[in-house]
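Student: Pasting a structure below so you can have a look.
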Amino acid sequence: MLAMIIFFGIGLFFGFSEEVGLCKYSDGTCYRFYGYVIAQPLIFFSTAIFLVCAILLITKEKVYRSWKKFAIFAIPISITLFFLSPTDLSGGWGLGGDISKEIVVWGESILFIAISLVIIIVKSFRHKT
Numbered sequence: 000m001l002a003m004i005i006f007f008g009i010g011l012f013f014g015f016s017e018e019v020g021l022c023k024y025s026d027g028t029c030y031r032f033y034g035y036v037i038a039q040p041l042i043f044f045s046t047a048i049f050l051v052c053a054i055l056l057i058t059k060e061k062v063y064r065s066w067k068k069f070a071i072f073a074i075p076i077s078i079t080l081f082f083l084s085p086t087d088l089s090g091g092w093g094l095g096g097d098i099s100k101e102i103v104v105w106g107e108s109i110l111f112i113a114i115s116l117v118i119i120i121v122k123s124f125r126h127k128t
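Shown next as structure tokens:
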């Protein structure tokens, strides 16, 4: 959990790239790089993992092991999808694959939390006894 707090802090640092001196206030390209490519993924994903880990602290070991199997599978796939997605939309909202890193990060974070919660709830009820 400490690692997720550190990643969140690093994400905030890069998110405020203009204020901390990484970018000039008029340099939109620099800000977009630090803000959208580095900060957003760190902030969203560390928040998602932190929330799930906080819930896992009060569950049984069997529930954690079940969730860990999912996380070992899901996290590398999420990282791969993030790096393969384009930085910006190519235009339009059609069905032609118009997807950006921001959409991927939002989707992955929401799916990770949702699937994690389903696994935790289902396994907690099964291992109640």
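Numbering of the sequence shown is given in numbering that gives the first Met the number 0, commencing with residue 0 and proceeding in unit increments. Glycine included, C-beta positions come from ideal geometry on N, C-alpha and C.
According to the neighbour-count rule (16 or more other Cβ atoms, all chains shown, within 10 Å of its Cβ), is glycine 91 buried or exposed?
Tutor: Unreliable positioning characterises glycine 91 in this predicted model, as indicated by a pLDDT of 47, which lies under 50. The coordinate reading is nonetheless provided below. Glycine 91 should be labelled exposed.
Student: Who are the near neighbours of leucine 55 in its chain, counting only those whose CB is closer than 8 Å to its CB and skipping five residues on each side?
Tutor: Val62, Tyr63, Trp66 and Ile119, listed in sequence order.
Student: Which residues bound the alpha helix (DSSP H) around leucine 80?
Tutor: Its alpha helix (DSSP H) spans residues 60–83.
Student: Can you give the Cα-Cα distance for arginine 125 and lysine 68, rounded to whole angstroms?
Tutor: When rounded, the distance between both Cα atoms is 17 Å.
Student: What does the Cβ neighbour count give for isoleucine 78, buried or exposed, with the cut at 16 atoms within 10 Å?
Tutor: With fewer than 16 other Cβ atoms within 10 Å, it is exposed.
Student: Going by beta carbon distance, what residues of the same chain come within less than 7 Å of serine 123, once the five residues before and after it are set aside?
Tutor: These residues qualify, in order along the chain: Thr58 and Val62.
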